[in-house]
Amino acid sequence: MKQVLQQTINRLGYRISKIRPSIELSYIDVLDLVLQNYMQQKPDIFFVQIGANDGKTADPVTELIHKYRLRGLLVEPQPNIFKQLVKHYKDHPQLAFENSLIAAQNGTENFYAIRDDGQYKLPMWCYQIASLDREKMLELLSSQKQDLHLPTDIESLIETIPLPALTFQTLLEKHHVNQVDLLVIDTIGYDFEIIKMIPFDAIKPAIINFEHSLLSLDDQKECFAFLAKLGYSLIQVSVDTIAYLHAPTRKAFYTF
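Per this note's numbering: the sequence shown ends with 658, consecutive numbering throughout.
So this is what it looks like as structure tokens:
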């Protein structure tokens with residue numbers, strides 16, 4: 403993976419060198435570099451994004467969609483947020499949208515979100531942690547309880563919303579998707595569960611971008627091992643992990 407990044411950076415006319423701590427650091431979009439490397443082999447790619455939110459906030463793929471006019475399918479379960487998502491990409495006719503949950507079975511599933519009744523003035527990120535994983539939401543709120551001046555009964559902030567649910571396989575069939583080059587997942591602690599739903603024997607995304615930071619350490623280790631066994635090389639970039647299929651690598655050993 404590092405070799406791929408180095409080659410791509412060099413090709414763009416940049417080089418990596420040691421810098422002094424006082425120098426202001428620039429942000430390098432690693433996902434963009436990986437995507438550029440892959441697009442040399444396949445320029446016309448198709449992506450699927452699970453947990454697309456509004457298409458703007460802390461979104462790892464929104465700039466890439468605008469930059470490359472990527473074709474893809476964006477999934478967001480919350481009806482009010484889904485409307486914002488569709489509006490944000492109104493000038494992108496190459497995109498398709500799905501207002502459903504991705505779950506283990508088709509039907510209806512309980513989804514958990516922050517109650518937006520105006521009683522508490524919460525930062526925007528609180529309304530972005532809607533998830534199938536209620537315990538993860540409680541954990542995140544509890545860690546910020548003092549700073550946000552939350553009530554003693556944190557559970558009262560969470561509302562349960564029954565929403566339509568599709569399996570990953572049903573999602574692909576519904577939208578006639580038979581190839582996924584890039585899969586982007588942000589489901590607040592549920593990412594590994596989504597990854598395990600992928601029918602890898604039928605569809606094997608070349609690149610998977612998911613948020614590892616909200617997984618438990620055990621789930622992180624299991625997820626990394628699961629993907630490595632399938633032939634993916636992994637690189638961690640801040641709170642996310644990028645899995646790239648058959649990327650050239652050098653052997654390394656890590657202790658968790």
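Note that the Cβ used here is the ideal one computed from N, Cα and C, for glycine as well. Because the structure is a prediction, the values reported are computed rather than measured.
Asked	Found
How long is the line joining the alpha carbons of Gln571 and Thr554, rounded to whole angstroms?	41 Å
Need the endpoints of the alpha helix (DSSP H) that Thr572 sits in, please.	Phe570 to Lys576
Are Pro607 and Ile596 touching if we call contact CB-CB under 9 Å?	no
Comparing C-alpha positions only, which one of Tyr592, Pro495 and Tyr646 sits nearest to Ile504?	Tyr592
Locate the beta strand (DSSP E) running through Ser635, then write down its first and last residues.	Tyr634 to Val639
With Glu511 and Leu476 assumed to form a contact (beta carbons below 8 Å), what rounded beta-carbon distance in angstroms separates them?	At roughly 19 Å, the Cβ-Cβ gap does not stay under 8 Å, so Glu511 and Leu476 are not in contact.
Do you know how far the Cα of Ala604 is from the Cα of Ala627?	20 Å
Do Phe513 and Thr562 have their C-beta atoms within less than 9 Å of each other?	yes
In the DSSP assignment, find the unbroken alpha helix (DSSP H) run with Phe594 in it and report its ends.	Asp593 to Met599
Along the beta strand (DSSP E) that carries Val450, what are the first and last residues, could you check?	Phe448 to Ile452
Under 8 Å from any heavy atom of the ligand NAD, does the C-beta of Glu575 make it?	Although the ligand NAD was asked about, the structure shown includes no ligands whatsoever.
Report yes if the CB atom of Asp588 is closer than 9 Å to the CB atom of Gln451, and no otherwise.	yes
Could you pull the start and end residues of the alpha helix (DSSP H) that Glu465 belongs to?	Thr464 to Tyr470
Going by the CB atoms, is the gap between Ser502 and Leu565 shorter than 9 Å?	yes
Am I right that Val586 and Phe449 are in contact with their C-beta atoms under 8 Å? What's the rounded C-beta distance?	6 Å
So, are the CB atoms of Leu472 and Asp434 less than 9 Å apart?	no
Return helix, strand or coil for Val432, following the three-state DSSP convention.	helix
Which term fits Thr643, buried or exposed, when burial requires 16 or more other beta carbons within 10 angstroms of its beta carbon?	buried
Using CA coordinates, which residue listed in Ala645, Gly457, Asp461 and Asp620 is at the minimum distance from Ala630?	Ala645
Where do the ends of the beta strand (DSSP E) carrying Glu511 lie?	Gly509 to Ile516
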